[in-house]
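Chains as they are written, first to last, in the working numbering: chain A, 3 to 87; chain B, 3 to 87.
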């Protein structure tokens, strides 16, 4: 997967998810540093309809498998530091 | 919602999600610093069956609405710093 291509593709995601992966809307989750396989599965499920969401069910079907892999790689690659709770 | 009670409840979640909200398994997402409303909605959907997952569909139905609110508050409260991509 190509995180650089994913970053390019993420220009379409930034309104809700941000290019930095920090949510810009209360319904949208943070994606920064998320688990890559989890991100890919979420996008695949929105594409197949296994998972439904007003916004994502419209966006995901237009994504190719390569787009999905690249987007997952990009957002997973964003470095995140978790402070001790 | 009570993040402290959520932390107590999260003792049951730590095997996959960690008490620090950093995923311990490739299928499990990171929860640290996630959007609180998103976390609550995910748990509610797993509880009602609107969203399905082998593990979560078993775990979530045992959670009360208060548990869900407290868990969402706890994991959302974990401080996370996103480094500039």
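Note that the Cβ used here is the ideal one computed from N, Cα and C, for glycine as well.
Every value quoted in this text rests on a predicted model; they were computed, and no experiment measured them.
Residue i - containing alpha helix (DSSP H), residue span
i                     : result
residue 37 of chain B : No alpha helix (DSSP H) contains residue 37 of chain B, which DSSP labels as neither H nor E.
residue 18 of chain B : 16 to 19
residue 9 of chain B  : 5 to 11
residue 75 of chain B : 67 to 79
residue 59 of chain A : 58 to 61
Closest Cα partner of residue i within the set the options
i                     : options                : result
residue 5 of chain A  : A:77, A:13, A:19       : A:77
residue 30 of chain B : A:35, A:29, A:58       : A:35
residue 27 of chain A : B:48, B:82, B:13, B:39 : B:39
residue 33 of chain A : A:48, A:59, A:12       : A:12
residue 80 of chain A : A:18, A:10, A:23, A:3  : A:23
residue 25 of chain B : A:37, A:3, A:7         : A:37
Nearest-angstrom Cα separation, counted from residue j out to residue i
i                     : j                     : result
residue 53 of chain A : residue 86 of chain B : 30 Å
residue 67 of chain A : residue 69 of chain B : 37 Å
residue 72 of chain A : residue 41 of chain A : 10 Å
residue 75 of chain B : residue 14 of chain B : 16 Å
residue 83 of chain A : residue 20 of chain A : 18 Å
residue 62 of chain A : residue 49 of chain B : 25 Å
residue 56 of chain B : residue 17 of chain A : 32 Å
residue 10 of chain A : residue 47 of chain A : 22 Å
residue 43 of chain A : residue 44 of chain B : 15 Å
residue 58 of chain B : residue 3 of chain A  : 28 Å
Interface flag, residue i vs chain B, CB-CB below 8 Å
i                     : result
residue 25 of chain A : yes
residue 84 of chain A : yes
residue 48 of chain A : no
residue 22 of chain A : yes
Beta carbon proximity, residue i to chain A, threshold 8 Å
i                     : result
residue 80 of chain B : yes
residue 34 of chain B : yes
residue 37 of chain B : yes
residue 28 of chain B : yes
residue 63 of chain B : no
Buried or exposed (CB count within 10 angstroms, at least 16 for buried), residue i
i                     : result
residue 64 of chain B : exposed
residue 60 of chain A : exposed
residue 51 of chain B : exposed
Boundaries (first-last residue) of the beta strand (DSSP E) holding residue i
i                     : result
residue 29 of chain B : Premise fails: residue 29 of chain B is in no beta strand (DSSP E) and is neither H nor E.
residue 83 of chain A : 82 to 84
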